[in-house]
Amino acid sequence: MHTKFILRHSINVALRLTVFATFLLSFVWVSPTRHVLADGGSFKPGEVIVKLDPLTGAEIEDINATYGTTTLKSLDMLPDIYLLELPSGRDAHIASEDMGLDTRLEFAEPNFISQAPEANPRGTSRWSGLDPAPYVSQYADSLIHLNQVSAISRGAGSVVAVLDTGVQLDHPALSSNFTLIQYDFIDGDAVPEDIFSFVDSNGNGLVDEATGHGTHVAGVIHLVAPEAQIMPLRVLDSNGDGDIFTLAEAMVFAIKNGANVINLSLGTQDKSDILKNVVREATHNGVVVVAAAGNLNSKEAQYPAADNCALSVTSVGPLGVKSDFANFDAKVDFAAPGESIYSAFPKDGYASWSGTSMATPFVAGQAALIHSLSPALNPQEIANIMGETSHSLDPLNLLYKGKLGKGLIDIDGSLELALNATFPIVNHGLIGASCIK
Numbered sequence: 031m032h033t034k035f036i037l038r039h040s041i042n043v044a045l046r047l048t049v050f051a052t053f054l055l056s057f058v059w060v061s062p063t064r065h066v067l068a069d070g071g072s073f074k075p076g077e078v079i080v081k082l083d084p085l086t087g088a089e090i091e092d093i094n095a096t097y098g099t100t101t102l103k104s105l106d107m108l109p110d111i112y113l114l115e116l117p118s119g120r121d122a123h124i125a126s127e128d129m130g131l132d133t134r135l136e137f138a139e140p141n142f143i144s145q146a147p148e149a150n151p152r153g154t155s156r157w158s159g160l161d162p163a164p165y166v167s168q169y170a171d172s173l174i175h176l177n178q179v180s181a182i183s184r185g186a187g188s189v190v191a192v193l194d195t196g197v198q199l200d201h202p203a204l205s206s207n208f209t210l211i212q213y214d215f216i217d218g219d220a221v222p223e224d225i226f227s228f229v230d231s232n233g234n235g236l237v238d239e240a241t242g243h244g245t246h247v248a249g250v251i252h253l254v255a256p257e258a259q260i261m262p263l264r265v266l267d268s269n270g271d272g273d274i275f276t277l278a279e280a281m282v283f284a285i286k287n288g289a290n291v292i293n294l295s296l297g298t299q300d301k302s303d304i305l306k307n308v309v310r311e312a313t314h315n316g317v318v319v320v321a322a323a324g325n326l327n328s329k330e331a332q333y334p335a336a337d338n339c340a341l342s343v344t345s346v347g348p349l350g351v352k353s354d355f356a357n358f359d360a361k362v363d364f365a366a367p368g369e370s371i372y373s374a375f376p377k378d379g380y381a382s383w384s385g386t387s388m389a390t391p392f393v394a395g396q397a398a399l400i401h402s403l404s405p406a407l408n409p410q411e412i413a414n415i416m417g418e419t420s421h422s423l424d425p426l427n428l429l430y431k432g433k434l435g436k437g438l439i440d441i442d443g444s445l446e447l448a449l450n451a452t453f454p455i456v457n458h459g460l461i462g463a464s465c466i467k
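Each residue of the sequence shown is one higher than the one before, counting from 31 in my numbering.
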């Protein structure tokens, strides 16, 4: 405990000496609202998620009777999935391992923490003022050929759900593009506002280090697809934390309410069965799921990005070189600009931020543009168009050969192909066949 106090005190001192470290997150000790596993994953105590095996005919009441659990929620559209509360003092990780052996259940897992990658490890947002000029003229425009596409598609008719910290609903650059259907899954109301809470909910000694994250992500989508509508769904608090059951609920909400693309600039290091189920449900319903690969500079998989029904996005800088923080692996599908991206930020202004979270909405916006041009295309076909027109980054990244997916996206090239292609296009294996109905 004495060591932990010294470390926390040192971090607080360092923060006072760092001008832009408001958004810096470095775990020193763990809040009572989460437990941490040896592999770095964390979960909400006292909660497990289970899925009944329908072939056994078991009811959730039977499971509760066996394990002394209580049903907290069921998942809409996937009615065999439940969030259960454990008896007091029962460890969720141990309980889920025990329950996973029960033949009446397809799976059992803790309610893992989901998180914005920029909240862990270190991520820094730099307030850049009220000037919108750099927003519409930044290096990303030319790098991915965005500045050539407005005559082809501006995203009209597409809806992109942004599952994040919420958005500044009255931001002057964004307010006219938000859908009327929106929800805050953290507070349980219809106002998903991206605000400062002044509460250190994860006990890391920092307050509101992720505030503005969702607004920034939404701003990138608007930059790419200015006529697409954005459905703001708040699933992370102002410290950048949420949980996978809440994330699954929000994804189902997006599917049911007309989203064509879901942007997930978040994830968990824990391979999750509930996320696998809900991502597959999304693609079965024609929704493209785009997720951040993570900021650990490692092959460590982040979910749902690593799922074969989702598109995983890593980050590169202005020269097409992998960002020093960006994850890499064969599971990565695309690369997009993610360094010093200038975008909308509370209150009424703009900020520069780096991370795979910033790269992800470029790809989500690209999917929205293609959908706008050809609404009948399914997620696999959209992904194949994107894959066919991307540019290999291997020559610029010899140490990461074959680990940056299909390479750098080319938005103009993908739209030209969508306009003129003879289908079917070569299958690049970016979204599995079982993901499409």
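Don't be surprised by glycine CBs; every beta carbon is placed ideally from N, CA and C. Quick caveat: nothing in here was measured; it's all calculated off a predicted structure.
Short Cβ contact (8 Å threshold) for residue i with residue j
i, j, result
"residue 398", "residue 185", "yes"
"residue 297", "residue 334", "yes"
"residue 269", "residue 223", "no"
"residue 162", "residue 220", "no"
"residue 295", "residue 247", "yes"
"residue 324", "residue 386", "yes"
"residue 262", "residue 244", "yes"
"residue 378", "residue 108", "no"
"residue 90", "residue 82", "yes"
"residue 473", "residue 433", "Residue 473 is absent from the model: the chain starts at 31 and stops at 467."
"residue 111", "residue 118", "no"
"residue 76", "residue 138", "no"
Own chain, CB closer than 7 Å to residue i, minus 5 neighbours either side, in chain order
i, result
"residue 370", "382 and 384"
"residue 313", "319, 339, 409, 461, 465 and 466"
Exposure label - residue i; buried when at least 16 CB within 10 Å
i, result
"residue 428", "exposed"
"residue 172", "exposed"
"residue 283", "buried"
"residue 267", "buried"
"residue 210", "exposed"
"residue 95", "exposed"
"residue 113", "buried"
"residue 453", "exposed"
"residue 448", "buried"
"residue 353", "buried"
"residue 135", "buried"
"residue 85", "exposed"
"residue 29", "Nothing can be reported for residue 29: it is not among the residues displayed for the chain, which extend from 31 to 467."
"residue 131", "exposed"
"residue 181", "exposed"
"residue 127", "exposed"
Neighbourhood of residue i by C-beta, 6 Å cutoff - its chain only, sequence neighbours within 5 removed
i, result
"residue 187", "402"
"residue 61", "Note that residue 61 scores 32 on pLDDT, short of 50, meaning its location in the model is unreliable and no value can be drawn from it."
"residue 464", "none"
"residue 170", "367"
"residue 326", "357"
"residue 458", "414 and 417"
"residue 241", "226 and 268"
Residues near residue i in its chain [Cβ-Cβ closer than 8 Å; skip 5 each side]
i, result
"residue 349", "426"
"residue 251", "190, 192, 258, 260, 293, 391, 394, 395 and 398"
Endpoints, beta strand (DSSP E) assigned at residue i
i, result
"residue 456", "From DSSP, residue 456 is part of no beta strand (DSSP E); its letter is neither H nor E."
"residue 156", "155-159"
"residue 179", "Per DSSP, residue 179 belongs to no beta strand (DSSP E) and is neither H nor E."
"residue 376", "Element bounds for residue 376: n/a, residue is neither H nor E."
Residue i: first and last residue of the uninterrupted alpha helix (DSSP H) it sits in
i, result
"residue 261", "Not the alpha helix (DSSP H): residue 261 falls in the beta strand (DSSP E), residues 259-264."
"residue 395", "386-403"
"residue 199", "Premise fails: residue 199 is in no alpha helix (DSSP H) and is neither H nor E."
"residue 276", "274-286"
"residue 94", "90-97"
"residue 318", "Not the alpha helix (DSSP H): residue 318 falls in the beta strand (DSSP E), residues 318-322."
"residue 410", "409-419"
Rounded Cβ spacing between residue i and residue j (contact assumed at less than 8 Å)
i, j, result
"residue 439", "residue 364", "5 Å"
"residue 116", "residue 441", "Not really, about 47 Å apart at Cβ, beyond 8 Å."
"residue 274", "residue 304", "6 Å"
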